[in-house]
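Participant: Before I ask anything, let me first share the structure, which is written out below as structure tokens.
What follows is the structure, encoded as structure tokens:
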């Protein structure tokens, strides 16, 4: 029992660290100082400009109402997130493994959510089983199908990506031990998960019981060693991953929305002027003679070349 | 796979040249340039030049950094470089690009998808040192090692085991000038990071911290522009002479006699050209004057310092110089009380003043800024000019300046015009926002030192030359003129170099021009054609 308590503690810690660190990262990007525009077209929220055009194609564009389309953005974003369209178009060999890998991760996230749902249902007093209740029957089988498919896809994808990093010189030369470690770590989680499913937890009843323990703060009396190992690995992954570039699911939001698609023109206004003033009064410490360091950006930009 | 798989570790190992460039390795070109043994000569730097200057990356140099004489000097330069990298990460010093830079440093998955999108990498025969991610990865590793907590401890694990010595630093400086900042790499990146910005950030470290930048961009470029009014060295007095000369030339060519409006307060538009046009291609500002006169546009030119030169080279290498020039441009327009600034056929000036300066200008001088292409499109569509497209009865293809098209989304206006005035217009492939850089982007077209022009013509301009040859496939008879419409001074400069390097005007009849020249050439009331077109092609 104390062993499962420890496992539950580790899982809470993993979730906590994951949420806090990822949120902190997102906050850091969101609160970074206003930067200069650096967009690339097509920008999918431009209306009627599917060929890559912008509002700057119009004469006197600043006199016209600024129209943007959220649907256009979603139509670019959702296929990119689900199918990795950029990789599909520009790097198909990588996509062949990256797509199952990421698709498998999405399924695995769904699997965890289904386990938690099952845990809640069980905590409310109804066992999740392939019994006569249609909804429970669906939940039972969906959890198994999505979980197994997810882990197989992750394993195949991770193996393929690993093989590409090892055998393709262009990737190998740039790969660090951390890159291999990350893939091996994820591969291990998928493989241990599959083995524990096949050997000791065919219905994922043990994992569901553990999930129930997580939501009720009342862990099951015991879980099998392999299931234990799986949860330890997952929790350690949650502890480690936020500190790596694998948080690119956060980064990608900003690389697209805050840089690549950020073509919002500056129409002035109080908030903009305040931000700009704050930035322009910062001290410049670049040392090249033409900069004239030690002055504010306003002074540096308006008081000419100091050489 | 890469031809010459040097590694990042090799970058710190001193040797005469990290890579020997051999034109036979470069990307093959179509007919009539398909014999790899008949490539134009690729000049090498002399032994004395190699001894004097840092050129050990690939045997050419854009910056021409003198070789330090002592170990101490080298160490001092490395120290300065690292201090500059630190400033890149500071909000005070780099608020302009810190957010996007952080994302680029943290999220590259090293999938190398960007490599095949890069015309320089592909054209060079896939030289590793030109891989878009190569220089970015060097900067990432330096930052991991020196500016990340625990960086040195974890160096072996996270790949930050990089040896930073002067050899590496000098090569990194040059390597930032083997990228034209065209940002095709960023367009294909699955995560949305891009290496073009990293090249520019590296250039900033060298310029803003160490005072190292190509003379054509800095000393003879932005510094000269701020001092004399133009990076060409043209003073307001010289401008007046030039305009007088151009007025006469317009009269000679077209019979139209009119004064060009200068410093006309309260005009609707301040038109700013790249001043290089006045000297190298006066037919371009002349064509603008003819069109605006014929269409009755209420505009003015400026003779104020900087008001007659739209260039802003800071866009390519230095935020401080960028801000200085952008502020001047906006102030001049404010002083003239115009309603908007219209930028002539200069790609980087378009993006600099319209997009990049957008969040630098305080409200009182945030004057509307617009591309000339939208206005020209409106003029042509309005029917105010009497146009006969058959005067342009020769093959025309369109080059898309990166700064205007991929990076500003001005794609269709120039095409609508060409479809109306050039019956034999055809697209090159790929085109629009996918088009390749001319090869002269980010200042390359004006960097003339030593053998850099050969590198630019043979390597960075190779993809564009291939596209052009393919666009005119089957029509390469030298007696028949065909035109590349390149509506950007920098791109024209590059095409002039490439066509000359490959002798393509003589061998294939290929010429280049801007867009306004083609419009004027189609003006039905002009007695003589405005453009030179070989007889055989004319109607």
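Protein chains in written order, with this note's numbering: chain A, 43 to 349; chain B, 3 to 541.
Just so it is clear, CB atoms sit at the ideal spot from N, CA and C, and this is done for glycine as well.
1) Alpha carbon to alpha carbon, what distance is there between residue 119 of chain B and residue 286 of chain A?
2) Leaving aside the five residues before and after residue 112 of chain B along the sequence, list all residues of the same chain whose C-beta is less than 8 Å from its C-beta, in chain order.
3) Residue 514 of chain B: which of B/503, B/483 and B/416 sits nearest, CA to CA?
4) Residues of the region 59-87 of chain A with a CB closer than 9 Å to any CB of chain B: list them in chain order, please.
5) In chain A, which residues lie with their C-beta within 7 Å of the C-beta of residue 210 of chain B?
6) Which of the three DSSP states, helix, strand or coil, is assigned to residue 372 of chain B?
7) Along chain A, in chain order, which residues have C-beta atoms closer than 9 Å to that of residue 161 of chain B?
8) Run down chain A in chain order and give the residues with a C-beta less than 7 Å from the C-beta of residue 368 of chain B.
9) Applying a beta-carbon distance threshold of less than 7 Å, which residues of chain A neighbour residue 373 of chain B?
10) 7 Å is my cut-off, CB to CB: does residue 133 of chain A come that close to chain B?
11) Shorter than 7 Å from the beta carbon of residue 348 of chain A to some beta carbon of chain B?
12) If I measure Cβ to Cβ from residue 65 of chain B and keep anything under 8 Å in the same chain, skipping five residues before and after, which residues do I get?
13) With a cut-off of 8 Å, do at least 3 Cβ pairs link the region 358-374 of chain B to the region 331-344 of chain B?
14) Can you tell me where the beta strand (DSSP E) with residue 270 of chain A in it begins and where it stops?
15) Around the Cβ of residue 300 of chain B, are there at least 16 other Cβ atoms within 10 angstroms (buried) or fewer (exposed)?
16) Would you say residue 522 of chain B faces chain A, with C-beta separation under 7 Å as the test?
17) Any beta carbon of chain A sitting closer than 7 Å to that of residue 112 of chain B?
18) In the DSSP assignment, find the unbroken beta strand (DSSP E) run with residue 552 of chain B in it and report its ends.
19) Please list, in chain order, all residues of the same chain as residue 106 of chain A whose beta carbon is under 8 Å from its beta carbon, the five residues on each side excluded.
20) If you draw a straight line from the C-alpha of residue 283 of chain A to the C-alpha of residue 331 of chain B, how long is it?
21) Label residue 106 of chain B either buried or exposed according to how many other C-beta atoms from any shown protein chain fall within 10 Å of its C-beta, with 16 as the threshold for buried.
22) At a CB-CB cut-off below 8 Å, which residues of chain B make contact with residue 296 of chain A?
23) Flag this pair as yes or no: are the beta carbons of residue 297 of chain B and residue 388 of chain B separated by less than 7 Å?
24) Does DSSP classify residue 325 of chain A as helix, strand or coil?
25) When DSSP labels each residue in this structure, what does residue 250 of chain A get in the three-state scheme?
26) Output needed in chain order: residues of the region 173-206 of chain B with a Cβ under 8 Å from some Cβ in chain A.
27) Please go through the same chain and pick out, in chain order, the residues whose beta-carbon is closer than 8 Å to the beta-carbon of residue 141 of chain B, but skip the five residues on each side of it.
28) Look at the Cβ atom of residue 109 of chain B, then the Cβ atom of residue 193 of chain B, and state whether they are nearer than 7 Å.
29) Pick helix, strand or coil for residue 183 of chain B, following the three-state DSSP scheme.
30) If we count the other Cβ atoms within 10 Å of its Cβ and call it buried at 16 or more, is residue 17 of chain B buried or exposed?
31) Rounded to whole angstroms, what is the Cα-Cα separation between residue 239 of chain B and residue 266 of chain B?
32) If you drop the 5 nearest sequence neighbours on each side, which residues of the same chain put their C-beta closer than 6 Å to that of residue 349 of chain A?
33) Compare the C-beta of residue 93 of chain A with all C-beta atoms of chain B and state if any pair is closer than 7 Å.
34) Any idea what DSSP makes of residue 120 of chain B, helix, strand or coil?
35) With distance defined between alpha-carbon atoms, name the residue in B/360, B/411, B/394 and B/481 nearest to residue 531 of chain B.
36) So residue 413 of chain B and residue 94 of chain A are supposed to be a Cβ contact under 8 Å. How far apart are they, rounded?
Facilitator: For this structure:
1) Here residue 286 of chain A refers to the residue found at position 244 of the first chain. Here residue 119 of chain B refers to the residue found at position 117 of the second chain. Their Cα atoms are separated by approximately 27 Å.
2) If you number the second chain from 1, residue 112 of chain B lands on position 110. Excluding residues within five positions, the ones whose Cβ falls inside 8 Å are 135 and 139.
3) Working through the second chain from its first residue, we reach residue 514 of chain B at position 512. The candidate whose alpha carbon is nearest that of residue 514 of chain B is B/483.
4) 67, 70, 71, 74, 75, 76, 77, 78, 79, 80, 81, 82, 83, 84 and 85
5) Position 208 of the second chain, counted from the first residue, corresponds to residue 210 of chain B. Under the 7 Å cutoff, chain A gives 328, 330 and 333.
6) Counted from its first residue, the second chain places residue 372 of chain B at position 370. Looking at residue 372 of chain B - three-state DSSP - the assignment turns out to be strand.
7) As a position in the second chain, residue 161 of chain B is number 159, starting the count at 1. 216, 217, 218, 219, 220 and 221, listed in chain order.
8) Here residue 368 of chain B refers to the residue found at position 366 when the second chain is read from its first residue. Contact annotation for residue 368 of chain B against chain A: 308 and 310 [CB-CB distance below 7 Å, chain order].
9) For the purposes of this step, residue 373 of chain B is identified with residue 371 of the second chain, where counting begins at 1. Correct list: 98.
10) What you label residue 133 of chain A is simply residue 91 of the first chain in a count that begins at 1. Yes, its Cβ sits closer than 7 Å to a Cβ of chain B.
11) Walking along the first chain from the start, residue 348 of chain A turns up at place 306. Only weak support exists for where residue 348 of chain A lies, its pLDDT of 48 falling under 50; the value from the coordinates is given anyway. So, not an interface residue.
12) Looking up residue 65 of chain B in the second chain gives position 63. Here the set comprises 56, 175, 176, 179, 208, 214, 215 and 216.
13) yes
14) Here residue 270 of chain A refers to the residue found at position 228 of the first chain. Where residue 270 of chain A is concerned, there is no enclosing beta strand (DSSP E), although the alpha helix (DSSP H) it sits in stretches over 267-282.
15) Translated into the one-based positions of the second chain, residue 300 of chain B becomes position 298. Looking at its Cβ environment, which holds fewer than 16 other Cβ atoms inside 10 Å, residue 300 of chain B is exposed.
16) Locating residue 522 of chain B in the second chain gives position 520, counting from the first residue. By this cut-off, residue 522 of chain B is not an interface position.
17) Here residue 112 of chain B is taken as the residue at index 110 of the second chain, counted from 1. Residue 112 of chain B counts as touching chain A.
18) No answer is possible for residue 552 of chain B: it lies beyond the span of chain B, which begins at 3 and ends at 541.
19) Start at 1 with the first residue of the first chain, and residue 106 of chain A comes out as number 64. Counting only Cβ-Cβ distances below 8 Å, and skipping sequence neighbours, we find 97 and 100.
20) The sequence position of residue 283 of chain A within the first chain is 241, counting from 1. The sequence position of residue 331 of chain B within the second chain is 329, counting from 1. Between residue 283 of chain A and residue 331 of chain B, the C-alpha separation is close to 48 Å.
21) For this step, residue 106 of chain B is matched to residue 104 along the second chain. Burial call: buried.
22) Here residue 296 of chain A is taken as the residue at index 254 of the first chain, counted from 1. Within chain B, the residues near residue 296 of chain A are 101 and 105.
23) Within the second chain, the letter at position 295 stands for residue 297 of chain B. Within the second chain, the letter at position 386 stands for residue 388 of chain B. Taking 7 Å as the Cβ cut-off, residue 297 of chain B and residue 388 of chain B do not qualify as a contacting pair.
24) The sequence position of residue 325 of chain A within the first chain is 283, counting from 1. If DSSP states are grouped into helix, strand and coil, residue 325 of chain A belongs with the strands.
25) Position 208 of the first chain, counting from 1, holds the residue named residue 250 of chain A. Helix at residue 250 of chain A.
26) 185, 188, 189, 190, 191, 192, 193, 194, 195, 196 and 199
27) One-based indexing of the second chain puts residue 141 of chain B at position 139. Around residue 141 of chain B: 87, 107, 174, 200, 203 and 204.
28) Along the second chain, one-based indexing puts residue 109 of chain B at 107. Along the second chain, one-based indexing puts residue 193 of chain B at 191. It is a contact, given that the beta carbons lie within the stated cut-off.
29) Here residue 183 of chain B refers to the residue found at position 181 of the second chain. In the structure shown, residue 183 of chain B sits in coil (DSSP, three-state: anything other than H, G, I, E or B).
30) By one-based count along the second chain, residue 17 of chain B stands at place 15. That one is exposed.
31) As a first step, residue 239 of chain B is located in the second chain; it is residue number 237 there, counting from the start. As a first step, residue 266 of chain B is located in the second chain; it is residue number 264 there, counting from the start. About 17 Å.
32) Counted from its first residue, the first chain places residue 349 of chain A at position 307. Confidence at residue 349 of chain A is low in this model, with a pLDDT of 48, below 50, so its placement is unreliable and the value that follows should be read with caution. So the list reads 331 and 332, once near-sequence residues are dropped.
33) Taking the first residue of the first chain as position 1, residue 93 of chain A is located at position 51. Chain B has a Cβ within less than 7 Å of the Cβ of residue 93 of chain A.
34) Taking the first residue of the second chain as position 1, residue 120 of chain B is located at position 118. It is coil, neither helix nor strand.
35) Working through the second chain from its first residue, we reach residue 531 of chain B at position 529. It is B/394 whose Cα lies nearest to the Cα of residue 531 of chain B.
36) Here residue 413 of chain B refers to the residue found at position 411 when the second chain is read from its first residue. Here residue 94 of chain A refers to the residue found at position 52 when the first chain is read from its first residue. Sure, about 5 Å apart at Cβ, within 8 Å.
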